[in-house]
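In what follows, a single structure is set out as structure tokens and then discussed.
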Amino acid sequence: ELGSVCVRGDGCEVATLTEVGTGRADMFIAVTGDDEDNLVACQVAKHKFNVPQTIARISNPKNEAIFKTLGIDVTVSSTNIILEHIEEEVPTHPLTHLLDIRDKGLEIVEVKIPPNATTVGKAVKELPLPQGSVLSLIIRSQQKPIVPTANTILQAEDQIIAAITPESEEALRTALRGF
Numbered sequence: 001e002l003g004s005v006c007v008r009g010d011g012c013e014v015a016t017l018t019e020v021g022t023g024r025a026d027m028f029i030a031v032t033g034d035d036e037d038n039l040v041a042c043q044v045a046k047h048k049f050n051v052p053q054t055i056a057r058i059s060n061p062k063n064e065a066i067f068k069t070l071g072i073d074v075t076v077s078s079t080n081i082i083l084e085h086i087e088e089e090v091p092t093h094p095l096t097h098l099l100d101i102r103d104k105g106l107e108i109v110e111v112k113i114p115p116n117a118t119t120v121g122k123a124v125k126e127l128p129l130p131q132g133s134v135l136s137l138i139i140r141s142q143q144k145p146i147v148p149t150a151n152t153i154l155q156a157e158d159q160i161i162a163a164i165t166p167e168s169e170e171a172l173r174t175a176l177r178g179f
């Protein structure tokens, strides 16, 4: 339907590429598990058969720059694709445990304020903080740490260090992020 040809053979060999009519191709795609073979096959297709567009699968992301430098039009990194899928599946934890003070029933945690938080631009006194929680420090990019007061205004990317009870984690996260 698309006019594509699939042949089993050594794609690095000029004879194989001639046999399948590579000279008529608009695009050549090399997808073996070997980066070097994919590079050679694309180079042969581009320079010997004048194929206008070459695409190569790469297993080692470090090879991407080399492939681009050597004229491969598009690279597809199977490693990067897998990592992207893993990152999508791993839940983000907006609250990081720094220290457990078990005998006192407290935890020291960090919460980062994302740019889209509804609390950005609000004063600490406006937040519905859970009972018994204490905001002890705000760390801002390229500034000295701030001991917050009731009038301290939250900014995007603030890192809030707080003391809380274990059962108030979700309430603190919601209070600081707004969602």
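For the sequence shown, the residue numbers in full-length UniProt numbering are 1 to 179.
A virtual CB, placed ideally from N, CA and C, is assigned to each residue, including glycine.
- Note on geometry: alpha-carbon atoms of A156 and P94 lie some 13 Å from one another.
- Around the CB of F179, fewer than 16 other CB atoms lie within 10 Å, so the residue is classed as exposed.
- Shown here, L95 sits in a strand according to DSSP, grouped into three states.
- Counting along the chain, I164 sits inside no alpha helix (DSSP H); it lies in the beta strand (DSSP E) bounded by residues Q159 to I164.
- For E110, the beta-bridge partners assigned by DSSP are T96 and I161.
- Spanning the alpha carbons of Q53 and P128 requires a straight line of approximately 58 Å.
- G23 and N60 do not touch by the CB rule: their CB atoms are close to 30 Å apart, not below 8 Å.
- Note that the C-beta distance between V109 and L172 is below 9 Å.
- For the options V76, L99 and C42, the alpha carbon positioned closest to that of I164 is the one of L99.
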